[in-house]
Structures are given as C-alpha cells and as structure tokens.
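The structure appears below as structure tokens.
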Amino acid sequence: MAILRCIARRPAASAFRAAASAASTRQAPSFARSLYTVPSLDRHDLLVENGVPGLFSQRGFSVAFTKYQQHIVDELNASTVGTPLEGQDIKSLVIELARDPTKAYVFNLASMAFNNHFFFRGINTNPDVQSAPSSDLAVQIKKDFNSIDTLRETFIATAESMFGPGFVWLVQTNDVTFGGLRILPTYIAGSPLSGAHYRRQSHDLNTHNADSYQKLNSVGTFGSAAMQPARPRKPLGGTDVVPLLCVNTWEHAWLHDYGVKGKSAYLRAWWEKIDWDLVRQNVTINPDKGRQNQFAYS
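The following block contains the structure:
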C-alpha cells in the first residue's frame, strides 16, 4: 500500500537501518534477530481465515492488522537493533522517546504498534457473543455522558470529524475530584499513555496556525517549553489517564471494506463490536478508591 511504502522510504528509516546494518556486521550474529513480533489476538487463526464478521473481511483484516502490524514491527526492529533501545517493551519505548524529537520516527513506530494492537485487542471477535457494558460500567457511562447513546454518537462524531489519521480513545482520568470517563482524540501516532504527554497530539494541526502550533510544541530543546522558566510539573510516569478502548481512523483500517465514503459505516460497525468486558477490566468505577489498572502491550 502507498501508506506503507511512504513510511518505509522516510530518510530517518534509512538512517536507522544503515546504523542497524553496521551494528549487525560488527556483532556478526549467527541468527536473525526478531525483537518485536506481531502479537496474537483472541481467536487469531479464525480472524486470519475469516476476518471479523460484521466489521472486517478477511482481506480487510489482513491489511489493517496482519500486514500493517508486521510492517511496523519490522521497521521497529530495523530501527532499534544494536542500539540502547533494543529489547525494551513497546510501552516503555513509547514513554522514553516521547520527549526526544530526534527519535520521532522510532517513537511513531512504537506508538503505532501499541495503538493498533490496542484497537484490535478491544474488538469482540466472537460472532456468537453480543458484548455490552456491565451494569456498573453502564452507571458510570450515564454519569459522565448521560446515556450510552450519547457516548456512542459523541464518540462517532469525534472520529468522523478527524480530517486525517489517528485514534479516538475512551479514557478514564485519575483525578480524585474530576475523575471519570472522557473522549480523547490523538492524531497520527500520538499516544494517550501516561508519561508520553508530550506526544499525545490531541490537537489537529490542520486547524492551527504557526503561532498556535508553537504553543502546542513543548517537546525538548525544539519546543517552546525550553524558553520558559523552570516550574513544577508532574513527573513523567505520573498517571494522567487510563486508556480503555479506541478506534483506528487511519484510512488503511477501513478503506478496503468500506470505500472512500464509508468511514461513518465503518465507525458504526466497529461500535457494535466493542469488547466491553475488556473495558470493564481496565476501568475503576470509583476513581478515588484503589489503583488504576494499566494496559500492557503483550
């Protein structure tokens, strides 16, 4: 696909691959390394054979998950082998690279690997099961959005209005006073992870001029934050939100099965396939009691 070829041709990718090749020559390994692999999903073999009934055809699933995820992990392996980044788990890699503009390409790879897996892991792949929010989760949804219908329409409208690729997340805030469920869009490969706040990319830069963009760009020595006096801030790793579910709005995720004008149909089909049991496993209904569960890339 054009998207994949475009990513692979980026100069940063070539530079990382050249460095990785040199490192591999020096080390002269007797076997091919494979640090990152495409993770298995629930009922994976059936998904490869049949796709996700009601959401993805076999070919659509192959493009959106199997081939795309393989491309991302291949690039990630090529970009990290023989470097200090080699061997880190995906989540740690995203957080570590979030404040380093010179590692933007590797960050994007790691973040996309995490985001895309999170999206597919949150899909109910069992056609014989109609997933629905548990009673206590339904109460929390009603508290924060008035109704499940309001959440659905607001969530889908947010995803429909994204003019460009990204993800839309349902998250839970950890603030004791205002903790609750919220909708968070992230653009391109932006991350919702705690500690990766500086690469959240929750704004559409198509709608921001140069001045407003500088206010958003607070990353490292390249950002406006470098010009500001030191001030207290939450340390990296402090929990802001816990991601609960997300939908992928990149065109390669829906174009094959739904066509150029099919984004809305894709989003509504996805909503019917949410694995609400997984959402319930990661949400804390009483934000001021107990500890939040963190989603781990595995």
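Residue numbers are given in full-length UniProt numbering: position 159 of the sequence shown equals residue 159, and the series is strictly consecutive.
Yeah, the Cβ is synthetic: ideal placement off N, Cα and C, and Gly gets one too.
- Along the length of the segment 132–179, whole beta strand (DSSP E) runs at least 3 residues long occupy 166–173, reported in chain order.
- Spatial neighbours of G51 in its own chain (CB-CB distance under 7 angstroms, excluding positions within 5 residues in sequence) are listed in chain order as S57, Q58, G60, F61.
- The residues V73, L76, N77, in chain order, have a CB closer than 6 angstroms to that of Y36 in the same chain once the five nearest residues on each side in sequence are set aside.
- Residue environment: N286 is assigned as exposed (fewer than 16 neighbouring CB atoms within 10 Å of its CB, all protein chains considered).
- Contact annotation: G166 and T186 have beta-carbon atoms nearer than 7 angstroms.
- R268 sits exposed, since fewer than 16 C-beta atoms from the chains shown fall within 10 Å of its C-beta.
- For R182, the enclosing beta strand (DSSP E) has its first and last residue at 181–187.
- In this structure, A64 places its C-beta atom within 7 angstroms of the C-beta atom of A253.
- The residue among P101, K273, H197 with its C-alpha nearest the C-alpha of R152 is K273.
- Around the CB of S147, fewer than 16 other CB atoms lie within 10 Å, so the residue is classed as exposed.
- Proximity to D42 across A98, P192, N126 peaks at N126, based on C-alpha coordinates.
- For V247, the enclosing beta strand (DSSP E) covers residues 241–248.
- Across the set A138, A113, G195, the C-alpha of A113 shows the shortest separation from the C-alpha of A189.
- When secondary structure is reduced to three states using DSSP, I123 falls in the strand class.
- Contact between W276 and A132 holds: their C-beta atoms lie close to 6 angstroms from each other, under 8 angstroms.
- Looking from the CA of T154, the closest CA among T173, N174, L184 belongs to L184.
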